[in-house]
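Enquirer:
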Amino acid sequence: MDVNAAVAAAAAIAGVLTGVIAMLAFRWSEREQKRPTRTSLHTDPVLPPGVDTVLSVLRSSAVVLDEADAVVKASSAAYALGLVRGGKLAVEPMLQMARDTRRDGEIRQVELDLPRRGNGRGEALAVSARVAPLGSRLVLLLVEDLTEARRIEAVRRDFVANVSHELKTPVGALSLLSEAVMDAADDPEAVERFAGRMQIEATRLTNLVQELIDLSRVQNDDPLDDAEPVRVDELVAEAIDRCRHAAGTKQITMAAGGTADLHVRGNRGQLAAALGNLVENAVNYSPARTRVGIAARRVAATGGDLIEIAVTDQGIGISEKDKERVFERFYRVDPARSRATGGTGLGLAIVKHVVASHGGEVTVWSAEGQGSTFTLRLPEAGPARDRARQRSDRDGIGDETGRSASSPHASHTSPYETFPAPEVLP
């Protein structure tokens, strides 16, 4: 009996101990579930109230790090820049800044050049990174992409340097020529010769200043603010008249053709300047006794018909490497010829800005020794397009260029000499 009583007592004690241990294990499990874990720190509720909303509207790339350097919150821009990968901040200098700021609470800022994502080729990303403490455990990193600002600043510096150089040349020449005139006061022939050179340099200086003004105007003004329907015939005639004297001196024939009675919508003065620059270039870069042609036509395009104006010459042509740069400011294919003709290197830059601001584009085909074709593509004016379609329906014209199938110019009188439109080569 004593043995059985001892066994029963031992079993009772063991049962009590098992119950106590089970209860303690349950309580410990509950406490562990309620304790914040590293994973829970990565969720949005850990952010101070309102911070999530503020970060979502910032233009800068934003990253919030916890005390373990894990990413709690990151904007889509931060992922796009490649700042965050695999839940970690991927830029070591920024990570070190975050650790230093977490240690001493100081706000830090630095500018860095980061390689582009992918193959790493091309221009590096220039960024400005600013790190600040966010609460007691978090660190906020704001990153601003400065790449475009750097590019614009470089363009501005180059532009100022080029303008200074271009202005310095004629101004220096005028200074030297004026001294020569003073020294040759007793020699009428020398005075006349130097005075002629001074007129040339003064004209070059005037043209440069005027084109700088024109370029500034087309960059800053919106041509669609005072847009109006403009007849392409009149633009072509004005461009030909502008270059008639220079073409006559070189015995260059200027002729126009294509579809008449076309209209584009925009600023008449800017469009005339753009087309005039193309025709003037064609005359200046063409040998004597050649032909310069201007042709206009309507082409169908998604979103509305376009008006193509092609200027073709039989000049020296443009090499493949130069074609990519001819629309840059102050870039000259042949600097020696540009000096001789008084070119400033701004004409094609003005053309590009004018056409782009009118919702169009300018392209170039050229081959060395075979000439060049510059083509403007501009949206057709709406009312003029509607009238052309009504006239086509009434007269039975089925050609997409708006010309009669039987007679291209039967119903229109062109104000200038016509010839078949020069083919715009691919």
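Quick note on the numbering used here: the sequence shown kicks off at 522 and runs consecutively. C-beta: ideal position from N, C-alpha, C; glycine also.
1) Excluding sequence positions up to five away, which residues of its chain have a Cβ less than 6 Å from the Cβ of Ile628?
2) Compute the Euclidean distance between the alpha carbons of Ala777 and Ala816, then round it to the nearest angstrom.
3) Would you kindly check if the distance between the Cβ of Asp747 and the Cβ of Asn788 is under 8 Å?
4) Suppose the cutoff is 7 Å on Cβ atoms and the five residues either side in sequence are ignored; what does the same chain contact list for Leu576 look like?
5) Check for me: the alpha helix (DSSP H) holding Arg623 runs from which residue to which?
6) Out of Val820, Ala723 and Leu792, state which residue places its alpha-carbon closest to the alpha-carbon of Glu760.
7) Of the choices Ser581, Ala647, Gln617 and Gly603, whose alpha-carbon is the least far from that of Leu663?
8) Do Ala647 and Leu661 count as a contact pair if the criterion is CB distance below 8 Å?
9) Is Gln772 near Ser807, with beta carbons less than 8 Å apart?
10) Please classify Thr833 as buried or exposed, where buried requires at least 16 other C-beta atoms within 10 Å of its C-beta.
11) With distances taken Cα to Cα, identify the nearest neighbour of Arg810 among Thr770, Gly607, Gly825 and Thr823.
12) Verify whether the separation of the beta carbon atoms of Lys873 and Phe895 is less than 8 Å.
13) Report all residues from its chain with a CB closer than 6 Å to the CB of Ala599; omit the five preceding and five following residues, and keep chain order.
14) Our contact map puts Glu722 next to Leu698 with C-beta atoms below 8 Å; I'd like the distance itself, whole angstroms only.
15) Quick check: the Cα distance between Pro709 and Ala694, rounded to an integer number of angstroms?
16) Are Glu732 and Gly868 close, meaning C-beta to C-beta below 8 Å?
17) With a threshold of 7 Å on Cβ separation, who are the neighbours of Val612 within its own chain once the five nearest residues in sequence on each side are excluded?
18) Looking only at its own chain, which residues have a Cβ that is under 6 Å from the Cβ of Ala803, when we skip the five neighbours before and after it?
19) In this structure, what does DSSP give as the bridge partners for Lys594?
20) To the nearest angstrom, how far is the alpha carbon of Leu655 from that of Ser840?
21) What three-state label does DSSP hand Ala888 in the structure shown?
22) In terms of residue numbering, what span does the alpha helix (DSSP H) encompassing Ala831 cover?
23) Please state whether DSSP places Gly790 in a helix, a strand or coil.
24) Tell me the DSSP bridge mates of Gln630?
25) Using the Cα positions of Gly890 and Asp843, report the straight-line distance between them to the nearest angstrom.
26) Helix, strand or coil, according to DSSP, for Ala645 in the structure here?
27) On the CB-based measure, 16 or more other CB atoms within 10 Å of its CB, does Gly608 come out buried or exposed?
28) Checking the sheet assignment: what are the DSSP bridge partners for Ile673?
29) Report the option in Met719, Val681 and Val702 whose CA atom is closest to the CA atom of Pro691.
Expert: Straight from the coordinates:
1) Ala653
2) 6 Å
3) yes
4) Ala583, Lys594 and Ser596
5) Glu613 to Asp625
6) According to the sequence provided, residue 760 is Ala. The question's Glu does not apply to it. Ranking Val820, Ala723 and Leu792 by Cα distance to Ala760 puts Leu792 first.
7) Ser581
8) no
9) no
10) buried
11) Thr770
12) no
13) Ser582, Val584 and Val605
14) 7 Å
15) 20 Å
16) yes
17) Leu604 and Leu635
18) Val813, Val832 and Asp834
19) Val585
20) 58 Å
21) strand
22) It is not in any alpha helix (DSSP H) - Ala831 instead sits in the beta strand (DSSP E) that spans Leu827 to Asp834.
23) helix
24) Arg651
25) 14 Å
26) coil
27) exposed
28) Partner(s): none; Ile673 has no beta bridge.
29) Met719
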